[in-house]
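**Q**
Numbering (this note's numbering), first residue to last: 28 to 224.
#1: Under 8 Å, with one C-beta from each stretch per pair, do the region 151-164 and the region 80-91 reach the 3-pair mark?
#2: In angstroms, rounded to a whole number, what distance separates the CA positions of residue 39 and residue 141?
#3: Pick helix, strand or coil for residue 249, following the three-state DSSP scheme.
#4: How far does the alpha helix (DSSP H) with residue 51 in it reach, from first residue to last?
#5: Going by Cα to Cα distance, which pick from 152, 148, 156 and 106 is closest to residue 134?
#6: When the Cα of residue 86 is compared with those of 34, 96 and 154, which residue comes out closest?
#7: To the nearest angstrom, report how far apart residue 125 and residue 218 are at their CA atoms.
#8: Roughly how many angstroms lie between the CA atoms of residue 131 and residue 108, to the nearest whole one?
#9: Just how far apart, CA to CA, sit residue 194 and residue 200?
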């Protein structure tokens, strides 16, 4: 997983609330077994509307999504996180996320930032007035900066450390590879083993 420290990029104002994971990536996209290639399915139904914000040239290439409250509700699916990442988003800002979506995001390297709705409103106004506005999401200082907006955010220390170090669950386990091998070497031969399979 790629480490996340600070990211600066243009942003997309997604003025919708209660965006569930089926809206983020429809269920028929879940047949794939790899983590890539989901960008075409991101908000698939909404992207059929030429006026949808992701279809607007001004927001093409933006890497920060500023969404309405209750983003990522519905069923748990990491595919929603992968679709956002495959499209190019590095961070999502919202006043409230579904817990499972937020957990999946942070474990996969997508930073989800919770800010008060008043701050989200100000960000929407700023990036709609000038889509070239850059938004900085600074995990080191736990701050979002754009124009005259500076907003602190909270993130639990473990999730922050994992993102800063670029550690997913597999990476964390592999840090203990020598200890695991030593443990397996000490186990009696008649017991099941994970070594040499």
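Glycine included, C-beta positions come from ideal geometry on N, C-alpha and C. Remember, predicted model here, so these are calculated numbers, not experimental data.
**A** Result, derived from the coordinates:
#1: yes
#2: 16 Å
#3: The structure shown has nothing for residue 249, since the chain only spans 28 to 224.
#4: Residue 51 -> alpha helix (DSSP H) spans 48-51.
#5: 106
#6: 154
#7: 42 Å
#8: 7 Å
#9: The straight-line gap separating the alpha-carbon atoms of residue 194 and residue 200 is approximately 9 Å.
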